[in-house]
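Student:
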Amino acid sequence: MTKSSAASVDVKRPQKHPVDEILPVPKLAVYGFQHVLAFYAGAVIVPILLANSIGLTTTQLIHLINADLFTCGIASIIQSVGFWKVGVRLPLLQGVTFTAVSPMIAIGMAAGGGVDGLLVIYGAVIVAGLFTFLIAPFFSKLIRFFPPVVTGSVITIIGIALLPVAAADAAGGAGPTLEPTSAKNMAYAMGTLALIVIIQRVFKGFMATVAVLTGLVVGTVVAWILGDAHFSDVAISSWFGVTTPFYFGWPKFALAAVVSMIVVMLITAVETTGDVFATGEIVEKRIVREDIARALRADGLSTMIGGVLNSFPYTCFAENVGLVRLTRIKSRYVVASAGLIMIVLGLLPKAAAIVAGIPHPVLGGAALAMFATVAVVGFQTLSRVDFHDHRNVVIVATSVGLAMYVTVQPDVAKAVPQWAQIILGSGITLGSITAIVLNVVFHHIGKGRGPAVAGTPGENLVRLSEVNNMSSEEFVRTFSKLFQGPDWVVERAYARRPFSDTNHLRRSFQEALFAATPEEQAQLINSYPDLGAVSVAMGVEGDASQADQSVLGLTRLAEAEHQELAALTKAYRDRFGFTLIMAVRDNANIDQLLSHGWERLNNSPTQEHAAALIEIAKIATYRFDRLVADANPIHSARSRRLDT
Numbered sequence: 095m096t097k098s099s100a101a102s103v104d105v106k107r108p109q110k111h112p113v114d115e116i117l118p119v120p121k122l123a124v125y126g127f128q129h130v131l132a133f134y135a136g137a138v139i140v141p142i143l144l145a146n147s148i149g150l151t152t153t154q155l156i157h158l159i160n161a162d163l164f165t166c167g168i169a170s171i172i173q174s175v176g177f178w179k180v181g182v183r184l185p186l187l188q189g190v191t192f193t194a195v196s197p198m199i200a201i202g203m204a205a206g207g208g209v210d211g212l213l214v215i216y217g218a219v220i221v222a223g224l225f226t227f228l229i230a231p232f233f234s235k236l237i238r239f240f241p242p243v244v245t246g247s248v249i250t251i252i253g254i255a256l257l258p259v260a261a262a263d264a265a266g267g268a269g270p271t272l273e274p275t276s277a278k279n280m281a282y283a284m285g286t287l288a289l290i291v292i293i294q295r296v297f298k299g300f301m302a303t304v305a306v307l308t309g310l311v312v313g314t315v316v317a318w319i320l321g322d323a324h325f326s327d328v329a330i331s332s333w334f335g336v337t338t339p340f341y342f343g344w345p346k347f348a349l350a351a352v353v354s355m356i357v358v359m360l361i362t363a364v365e366t367t368g369d370v371f372a373t374g375e376i377v378e379k380r381i382v383r384e385d386i387a388r389a390l391r392a393d394g395l396s397t398m399i400g401g402v403l404n405s406f407p408y409t410c411f412a413e414n415v416g417l418v419r420l421t422r423i424k425s426r427y428v429v430a431s432a433g434l435i436m437i438v439l440g441l442l443p444k445a446a447a448i449v450a451g452i453p454h455p456v457l458g459g460a461a462l463a464m465f466a467t468v469a470v471v472g473f474q475t476l477s478r479v480d481f482h483d484h485r486n487v488v489i490v491a492t493s494v495g496l497a498m499y500v501t502v503q504p505d506v507a508k509a510v511p512q513w514a515q516i517i518l519g520s521g522i523t524l525g526s527i528t529a530i531v532l533n534v535v536f537h538h539i540g541k542g543r544g545p546a547v548a549g550t551p552g553e554n555l556v557r558l559s560e561v562n563n564m565s566s567e568e569f570v571r572t573f574s575k576l577f578q579g580p581d582w583v584v585e586r587a588y589a590r591r592p593f594s595d596t597n598h599l600r601r602s603f604q605e606a607l608f609a610a611t612p613e614e615q616a617q618l619i620n621s622y623p624d625l626g627a628v629s630v631a632m633g634v635e636g637d638a639s640q641a642d643q644s645v646l647g648l649t650r651l652a653e654a655e656h657q658e659l660a661a662l663t664k665a666y667r668d669r670f671g672f673t674l675i676m677a678v679r680d681n682a683n684i685d686q687l688l689s690h691g692w693e694r695l696n697n698s699p700t701q702e703h704a705a706a707l708i709e710i711a712k713i714a715t716y717r718f719d720r721l722v723a724d725a726n727p728i729h730s731a732r733s734r735r736l737d738t
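This note's numbering numbers the first residue of the sequence shown as 95 and each following residue consecutively.
1) How is T611 classed by DSSP in three states: helix, strand or coil?
2) Taking a contact to mean a Cβ-Cβ separation below 7 angstroms, would you say G217 touches P345 in this structure?
3) What residue does the beta strand (DSSP E) around V190 start on, and which one ends it?
4) In angstroms with no decimal places, state the Cα-to-Cα distance between S247 and S493.
5) Given a cut-off of 7 angstroms, decide if F133 and F536 are closer than it, judged by their beta-carbon atoms.
6) Give the straight-line distance between the Cα atoms of L599 and G343, rounded to the nearest whole angstrom.
7) When you compare the CB positions of G253 and V468, do they come within less than 7 angstroms of one another, or not?
8) So which of G433, L236, D595, M203 has the shortest CA-CA distance to V124?
9) Taking just the CA atoms, how far does A348 sit from I116?
10) For G459 and A135, what's the separation of their Cα atoms in angstroms?
11) Tell whether a beta-carbon distance below 7 angstroms holds between P504 and A194.
12) For S566, which residues of its own chain have a beta-carbon under 8 angstroms away from its beta-carbon, when the five flanking residues on both sides are left out?
13) In three-state DSSP terms, what is Y622?
14) Along the alpha helix (DSSP H) that carries Y282, what are the first and last residues, could you check?
15) Using a 10 Å radius around the Cβ and a threshold of 16 neighbouring Cβ atoms, would you call V470 buried or exposed?
16) I'd like to check one pair, G266 with V456: are the Cβ atoms closer than 7 angstroms?
17) Can you check whether the CB of R383 is closer than 7 angstroms to the CB of R183?
18) Q154: which of P141, L163, F164 sits nearest, CA to CA?
19) Below 8 angstroms on the Cβ atoms is my guess for V259 versus S196; work out the distance and round it to an integer in Å.
20) Tell me, which residues are paired with Y408 by DSSP?
21) Among V510, V479, S574, R380, whose alpha-carbon lies nearest the alpha-carbon of L721?
22) Under the DSSP definition of a beta bridge, which residues are partnered with V180?
23) I'd like the span of the alpha helix (DSSP H) that includes I675, first residue to last.
24) Taking the straight line between their C-alpha atoms, what separation do you get for I684 and L674?
25) What are the residues that DSSP puts in a beta bridge with R720?
26) Check R478 in the structure and name its three-state DSSP category.
27) Compare the C-alpha of Q739 against each of P592, G579, R591 and name the closest.
28) Is the beta carbon of S174 less than 7 angstroms from the beta carbon of A430?
29) Just curious, the alpha helix (DSSP H) that W582 is in, first and last residue?
30) With a CB to CB cut of under 7 angstroms and the five nearest residues on each side skipped, what residues in its chain are close to I489?
31) For E613, which option in L187, W582, L224, V377 has the closest C-alpha, if you only look at C-alpha atoms?
32) Excluding the 5 residues preceding and the 5 following R669 in the sequence, name in chain order all residues of the same chain whose CB lies nearer than 7 angstroms to its CB.
33) In angstroms with no decimal places, state the Cα-to-Cα distance between A230 and A387.
34) Thinking C-alpha only, which one of A606, I713, R557 is nearest D595?
35) Counting only runs that start and end within the stretch 677-706, where is the alpha helix (DSSP H) found for 4 or more residues in a row?
36) In this structure, does DSSP put Q604 in helix, strand or coil?
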């Protein structure tokens, strides 16, 4: 065979995607162990907190830790390796979701605590896992009922509801060991928390991902040196042990518990969807609808297995998604090797006994950091909500308010009939159902509902639901004024329907702009008039441009200012070959605008191409916000009054 023919054969040979690459065994072991370290603290803290809260013995806790790690390993292999239509086959490591901690504690306590409470939890976990497995193919149709206003509210509620659990551990643990006034307990908790914060501040990369684990280890070692950590159960624990199905007894099924756990799994399904897309971007693999269904089937199956093998609900661990980005190791078999390591750890009761010996205050200090982070994730999710729409304010305020009402005063459930206690028995259940129902009522029921996004009240008012039902021509006619020149940005934004809220609609224009080819972007840039130009193209685009420039009076400048602006725009065009574009509203006066313009002449052509696109996006955003303000004059006036 000639060299040329051999080369042609090599070119045609299909290349394996990095995700599907099987690394040498030593590398798989090292990288897999790294994932286990990043994951370990988050994995073991869930059974510890649950056992402490519902009154399980140390021996029972050791078994829970082993069962958790063992099932985490199975779940991770299912998700990363996959079989049939189960498992997304990406480097996604599975762990017990923090979202389930507070609901499980509430379920266990409502059932009397101890093993009886644990059996009711397992019944709910099994049913919720089956539910998730069955709805996986249809979840893409249900996800519109879980926009950020719902998921953000629920995650915030869960995070806030978890904090009292962490605080109780920081004070010595629930029950007779609780000593809120103990300076020693406070020192352990605050010391552990401080160490976690310091590590996060001083270190970057992998060390930052194991900050919680390091805090737990150091805090426990200090407590052991001072005689406050005891590991007597390590000596009496077996070297080897296998978790058996239904070790604590047959599961019990309660409707309230099942409803609560199904809500948890719906929220985690949204989180899993986000993690799958995030991982797809990191490993550069396109994600399609069937991938989401595969991932959710894996979550559902793993959760069912968890209920059978004495563990809990499973989802993708965000910490390990970040580790994939950090290490740039994209092979899914690294996560599979981490799964094997966890299975081995789940067979070692002595190792679990060491973990079970972590003092309550040390655990509480770490839990304060971890569970407050859950609430912060809720805040981040809510930051994507359009709070210019007062209905979203009502949804968040009402759901959080009712959740805290029941969380702070749990006995209020006794004031209602038994059937109503299904909802009122848990603040998380009540808050979640409230957010879901109010979202449906405000955003999905009734024709013409949805925030007003264009027009004026009583005259061609356009609501979001109507935007989602527009033809392409109607959509372009409504929003063409956002951009000068060609309509391709608006046309491509139209293809991104349906829009969940005005923020989603606003982002769609920006995404269409930045996803275009350089040639299309250059054409758009040159469609914008020079700053201060007297003659601007007529029509809605010209009106919008004139309105933008009138903010600083650019078309009515004094002669000297006009000449300097003309000199600036000419110098810019001579240097870069396209129009100087600036969002006029970002400048306090003409002097500031001129100063910024002259500074930009020092940039490279590539930098200025990007800067021009950013300025176009800003201008479009200002114009879009003006449309929304005109459509909501009362709210707009109130906002302006509060801003002054």
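Note that CB positions come from ideal geometry on N, CA and C, so glycine has one too.
Tutor: Taking the structure as given:
1) Taking the first residue of the sequence shown as position 1, residue 611 is located at position 517. Coil, per DSSP.
2) Position 123 of the sequence shown, counted from the first residue, corresponds to residue 217. Position 251 of the sequence shown, counted from the first residue, corresponds to residue 345. A contact, by the Cβ cut-off of 7 angstroms.
3) Walking along the sequence shown from the start, residue 190 turns up at place 96. Start and end: 188-190.
4) Against the sequence shown, residue 247 aligns to sequence position 153. Against the sequence shown, residue 493 aligns to sequence position 399. When only Cα atoms are considered, S247 and S493 end up about 7 angstroms apart.
5) As a working mapping, residue 536 is identified with position 442 in the sequence shown. As a working mapping, residue 133 is identified with position 39 in the sequence shown. Cβ atoms of F536 and F133: not closer than 7 angstroms.
6) To locate residue 599, count along the sequence shown from 1; it is residue 505. To locate residue 343, count along the sequence shown from 1; it is residue 249. Roughly 52 angstroms separates the two Cα atoms.
7) The residue labelled residue 253 in the question sits at position 159 within the sequence shown. The residue labelled residue 468 in the question sits at position 374 within the sequence shown. In this structure, V468 lies closer than 7 angstroms to G253 by Cβ.
8) Residue numbering aside, residue 124 sits at position 30 when the sequence shown is read from its first letter. Checking every option, the nearest Cα to that of V124 belongs to G433.
9) Here residue 116 is taken as the residue at index 22 of the sequence shown, counted from 1. Here residue 348 is taken as the residue at index 254 of the sequence shown, counted from 1. Distance between the alpha carbons of I116 and A348 is about 45 angstroms.
10) Mapped onto the sequence shown, residue 459 falls at position 365. Mapped onto the sequence shown, residue 135 falls at position 41. Roughly 13 angstroms separates the two Cα atoms.
11) By 1-based counting over the sequence shown, the position of residue 504 is 410. By 1-based counting over the sequence shown, the position of residue 194 is 100. In this structure, A194 does not lie closer than 7 angstroms to P504 by Cβ.
12) Taking the first residue of the sequence shown as position 1, residue 566 is located at position 472. Excluding residues up to 5 positions away in sequence, E585, Y588 lie with their Cβ nearer than 8 angstroms to the Cβ of S566 in the same chain.
13) As a working mapping, residue 622 is identified with position 528 in the sequence shown. Y622: coil per DSSP, three-state reduction.
14) One-based indexing of the sequence shown puts residue 282 at position 188. For Y282, the enclosing alpha helix (DSSP H) starts and ends at 277-296.
15) Sequence index remark: in the sequence shown, residue 470 carries index 376 (1-based). The residue in question, V470, is exposed, as its Cβ has fewer than 16 Cβ neighbours within 10 Å.
16) Residue mapping note: residue 456 aligns to position 362 of the sequence shown, counting from 1. Residue mapping note: residue 266 aligns to position 172 of the sequence shown, counting from 1. At least 7 angstroms separates the beta-carbon of V456 from that of G266.
17) Sequence index remark: in the sequence shown, residue 183 carries index 89 (1-based). Sequence index remark: in the sequence shown, residue 383 carries index 289 (1-based). No, Cβ-Cβ distance for R183 and R383 is not below 7 angstroms.
18) Your numbering for residue 154 matches position 60 in the sequence shown. Closest option to Q154, judged by alpha-carbon separation, among P141, L163, F164: P141.
19) Against the sequence shown, residue 259 aligns to sequence position 165. Against the sequence shown, residue 196 aligns to sequence position 102. Confirmed, Cβ separation roughly 7 angstroms.
20) Residue mapping note: residue 408 aligns to position 314 of the sequence shown, counting from 1. Paired residue(s): V190.
21) To locate residue 721, count along the sequence shown from 1; it is residue 627. It is S574.
22) By 1-based counting over the sequence shown, the position of residue 180 is 86. Bridge partners of V180: F177.
23) Against the sequence shown, residue 675 aligns to sequence position 581. Here I675 belongs to no alpha helix (DSSP H), and DSSP marks it neither H nor E.
24) Here the question's residue 684 lines up with position 590 in the sequence shown. Here the question's residue 674 lines up with position 580 in the sequence shown. Going from the Cα of I684 to the Cα of L674 covers about 15 angstroms.
25) Locating residue 720 in the sequence shown gives position 626, where the first residue counts as 1. Paired residue(s): none; R720 is not in a bridge.
26) As a working note, residue 478 is residue 384 in the sequence shown. The three-state secondary structure of R478, taken from DSSP, is coil.
27) With the chain represented from 95 up to 738, any question about residue 739 goes unanswered, as that position is not in the structure.
28) Locating residue 174 in the sequence shown gives position 80, counting from the first residue. Locating residue 430 in the sequence shown gives position 336, counting from the first residue. Their beta carbons are under 7 angstroms apart, which means S174 touches A430 by this criterion.
29) Working through the sequence shown from its first residue, we reach residue 582 at position 488. For W582, the uninterrupted alpha helix (DSSP H) run begins and ends at 582-588, by DSSP.
30) In the sequence shown, the residue the question calls residue 489 occupies position 395. Closer than 7 angstroms at Cβ, skipping near neighbours: V243, S247, A529, L532, N533, F536.
31) Along the sequence shown, one-based indexing puts residue 613 at 519. For the residues L187, W582, L224, V377, the minimum Cα distance to E613 belongs to W582.
32) Taking the first residue of the sequence shown as 1, we reach residue 669 at position 575. Excluding the 5 residues flanking it on each side, R669 has same chain C-beta neighbours closer than 7 angstroms at L695, in chain order.
33) Working through the sequence shown from its first residue, we reach residue 230 at position 136. Working through the sequence shown from its first residue, we reach residue 387 at position 293. CA-CA distance, A230 to A387, rounds to 5 angstroms.
34) On the sequence shown, residue 595 is found 501 positions in, with the first residue counted as 1. Ranking the options by Cα distance to D595, first place goes to R557.
35) Counting whole runs of 4 or more residues, the stretch 677-706 contains the alpha helix (DSSP H) stretches 684-694.
36) The residue given as residue 604 occupies position 510 in the sequence shown. Residue state, collapsed to three classes: helix.
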